[in-house]
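Enquirer: 483 is the number that the numbering used here gives the last residue of the sequence shown; the numbers go up by one with no jumps. Glycine is no exception: its CB is placed at the ideal position from the N, C-alpha and C atoms. Small disclaimer: the values here were computed from a predicted structure and weren't measured.
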Amino acid sequence: MFDNAKLHIYMKKIAETELILTAEKKIYHLNLSKEEIADDILLVGDPERVELISSKFDKIECQIQNREFITH
């Protein structure tokens with residue numbers, strides 16, 4: 412479907428002073444540390460699709476679910 416296509420949407424970087432961090436320095440709503448966030452992010456919309464899409468990945472370095480957010 413997207414074999415050789417590359418789509419990039421560039422957004423302004425959020426200032427660290429605008430992020431809500433936990434005591435462990437993780438982003439509050441995602442429960443992710445800076446090291447656990449990839450340079451490129453794919454949003455699938457429906458949480459039910461996360462497993463389907465990530466099953467196509469070569470490697471998954473972390474799997475974290477916090478509230479309604481699922482990260483692979």
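#1: Roughly how many angstroms separate the alpha carbons of residue 432 and residue 469, rounded to a whole number?
#2: With distances taken Cα to Cα, identify the nearest neighbour of residue 448 among 429, 437 and 457.
#3: Look at the Cβ atom of residue 477, then the Cβ atom of residue 441, and state whether they are nearer than 7 Å.
#4: Leaving aside the five residues before and after residue 439 along the sequence, list all residues of the same chain whose C-beta is less than 7 Å from its C-beta, in chain order.
#5: From residue 456 to residue 446, what does the alpha carbon distance come to, in whole angstroms?
Expert: So, from the listed chains and residues:
#1: Working through the sequence shown from its first residue, we reach residue 432 at position 21. Working through the sequence shown from its first residue, we reach residue 469 at position 58. Taking the straight line joining both Cα atoms gives about 30 Å.
#2: Against the sequence shown, residue 448 aligns to sequence position 37. Among 429, 437 and 457, the Cα nearest to that of residue 448 belongs to 437.
#3: Translated into the one-based positions of the sequence shown, residue 477 becomes position 66. Translated into the one-based positions of the sequence shown, residue 441 becomes position 30. Yes; because the gap between Cβ atoms is below 7 Å, this pair is in contact.
#4: Mapped onto the sequence shown, residue 439 falls at position 28. A distance below 7 Å between beta-carbons, with the five flanking residues on each side excluded, links residue 439 to the following residues of its chain, in chain order: 431, 432 and 433.
#5: In the sequence shown, residue 456 corresponds to position 45, counting from 1. In the sequence shown, residue 446 corresponds to position 35, counting from 1. A direct Cα-to-Cα measurement between residue 456 and residue 446 gives close to 23 Å.
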